[in-house]
Amino acid sequence: MAKLLKCQTVTVTVPPPGSYPYICTYPGHFTMMQGRLISQ
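Printed below as a string of structure tokens:
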């Protein structure tokens, strides 16, 4: 978890082309903290 006003670097292995949903798993955060990774 990143601290407030601090930078955090995340490295991922890019999946095959497609659209991949992601969410925040912290309790109660899912409704506002979600997105989609698009790999081309």
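Counted the way my numbering counts, the sequence shown spans residues 48 to 87.
Quick reminder that beta carbons are idealized off the backbone N, C-alpha and C, glycines included.
None of these values were measured; they are calculated from a predicted model.
Using only alpha-carbon positions, find the residue among 81, 49, 87 and 50 that is nearest to residue 68. Residue mapping note: residue 68 aligns to position 21 of the sequence shown, counting from 1. Among 81, 49, 87 and 50, the Cα nearest to that of residue 68 is on 81.
Let me check understanding here. Comparing Cα to Cα, which of 64, 63 and 79 lies closest to residue 70? Counting from 1 along the sequence shown, the entry for residue 70 is found at position 23. Checking every option, the nearest Cα to that of residue 70 belongs to 79.
Minimum C-alpha distance to residue 57 - residue among 87, 48 and 83: Locating residue 57 in the sequence shown gives position 10, where the first residue counts as 1. From the listed residues 87, 48 and 83, the smallest Cα separation to residue 57 is found for 48.
Sorted by chain position, which residues of the same chain lie with C-beta nearer than 7 angstroms to residue 66's C-beta, five sequence neighbours on each side aside? Within the sequence shown, residue 66 is the residue found at index 19, counting from 1. The residues are 83 and 85.
What residues match up with residue 81 in a beta bridge as DSSP calls it? Mapped onto the sequence shown, residue 81 falls at position 34. In the DSSP output, where bridge partners are listed per residue, residue 81 has 70.
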